[in-house]
Amino acid sequence: MDEAYIDTELCTACNECLIINSRIFAYNDKKQAYVKDPKAGSFRDIVKAAEKCPVKIIHPGKPLDMNEKKIEKWIERAKKYN
Ligand code: SF4
269 MDEAYIDTEL CTACNECLII NSRIFAYNDK KQAYVKDPKA GSFRDIVKAA
319 EKCPVKIIHP GKPLDMNEKK IEKWIERAKK YN
């Protein structure tokens, strides 16, 4: 998968990903998180959310902007969640 996604049905609504970026991540009508807009923030935010997620259901995919600062580092850290 190239695009970031969440295994939404497994979300425990802990709020960690929304604290990191509530424009990228949002809750659906069952209060389970999904990727609302991957362009609304950095790949770094998505990877950090994947690392914080207690049930490890956030999959960062590939960065949308390869010019983002320290992108190689974030790609490396994203690997174990994809
Ligand atoms: S961090 Fe994980 S469990 Fe918590 S709200 Fe986000 S997707 Fe759900």
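Letter by letter, the sequence shown follows residues 269 to 350 in our numbering.
Think of the CB as a built atom: it goes at the ideal place given N, C-alpha and C, for glycine as much as any other residue.
Predicted, not measured: the structure shown is a model, and the values here were computed from it.
Distance CB(residue i)-CB(residue j) smaller than 7 Å
i, j, result
"ILE274", "VAL315", "no"
"ILE292", "ASP270", "no"
Bounding residues of the alpha helix (DSSP H) (the contiguous stretch that carries residue i)
i, result
"ALA317", "311–320"
"ALA346", "339–346"
"GLU284", "284–288"
Spatially closest choice to residue i from the options, by CA coordinates
i, options, result
"ALA308", "ASN296, LYS299, LEU286", "LEU286"
"GLN300", "THR280, ARG312, PRO306, ALA317", "THR280"
"PHE311", "LYS348, GLU277, ILE339, LEU278", "ILE339"
"LYS347", "ASN335, THR276, LYS324", "LYS324"
Residue i classed as buried or exposed, judged by whether at least 16 other C-beta atoms fall within 10 angstroms
i, result
"ASN289", "buried"
"CYS282", "exposed"
Distance, residue j Cα to residue i Cα
i, j, result
"ALA317", "LYS337", "17 Å"
"TRP342", "PRO328", "10 Å"
For residue i, the first and last residue of its enclosing beta strand (DSSP E)
i, result
"ALA308", "Neither: ALA308 is in no beta strand (DSSP E) and is coded neither H nor E."
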